[in-house]
Structures are given as C-alpha cells and as structure tokens.
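This report concerns only the one structure given below.
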Amino acid sequence: MIGNELFQKLSHRDYSGSDLDNYAQLLSTIFFHLSNSNEIENFFSLLVKANSENKMIAIHDPENIKDEYFYSDLILV
421 MIGNELFQKL SHRDYSGSDL DNYAQLLSTI FFHLSNSNEI ENFFSLLVKA NSENKMIAIH
481 DPENIKDEYF YSDLILV
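So the sequence shown is numbered by the numbering used here: it starts at 421 and just counts up by one.
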C-alpha cells in the first residue's frame with residue numbers, strides 16, 4: 421500500500437474516542453500541518469515505514485503543544 425492509500429485508510433475516524441480514533445485524528449492533524457510545509461511526501465514515506473514495522477507515528481514531545489508541527493517533530497513508536 422502506498423502512503424496516500426494508507427493515510428486514507430488510517431485517518432478515517434469513527435468518533436468513538438478509541439485509540440484508533442485518536443490515531444486517525446492525529447494523522448489528520450499532522451497531514452494538514454505538513455501540507456503547508458511541503459513535507460507531505462516525507463509523511464507518506466514515514467507512514468509506509470510505520471505500517472511495515474507495525475508501529476505508529478507520534479509527536480516526539482506530546483507535552484509541547486505547538487501551533488504547527490513539522491516532519492522533524494515525528495517519531496515511530
């Protein structure tokens with residue numbers, strides 16, 4: 421699966437508040453932030469890597485709320 425297809429699949433929310441719903445919300449937030457900084461292809465590549473390694477994308481420092489996130493703020497967990 422390519423990055424865009426993975427994003428479409430994983431960012432679909434059900435608004436249940438579950439872990440998967442929260443992850444979908446995070447992916448959507450990251451997508452919109454990275455779209456503004458032309459880093460979306462890097463995000464899609466990281467999404468493919470996360471999927472192949474059975475990991476999830478996360479914000480490196482979730483306690484540090486920012487107005488804008490960049491690719492460098494992302495880690496795999």
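Backbone N, C-alpha and C fix where the C-beta goes; we use that ideal spot for every residue, glycine too.
In this text the structure is predicted, and so the values were computed from the model without any measurement.
{"Check": "heavy atom of the ligand ATP below 7 Å from residue 455 C-beta", "Outcome": "Because no ligand of any kind appears in the structure shown, any question about the ligand ATP cannot be addressed here."}
{"Check": "N-terminal and C-terminal residue of the alpha helix (DSSP H) that residue 450 is part of", "Outcome": "439–456"}
{"Check": "N-terminal and C-terminal residue of the beta strand (DSSP E) that residue 485 is part of", "Outcome": "First-last for residue 485: undefined, no H or E at that position."}
{"Check": "Pair within 8 Å by beta-carbon distance, residue 515 and residue 496", "Outcome": "Nothing can be reported for residue 515, as the shown portion of the chain is limited to 421 through 497."}
{"Check": "Meets three-Cβ-pair contact criterion under 8 Å: the region 477–490 and the region 431–440", "Outcome": "no"}
{"Check": "Cross-strand partners of residue 377 (DSSP beta bridge)", "Outcome": "Nothing about residue 377 can be read from this structure; the chain reaches only from 421 to 497."}
{"Check": "Through-space distance from residue 463 to residue 423, alpha-carbon basis", "Outcome": "8 Å"}
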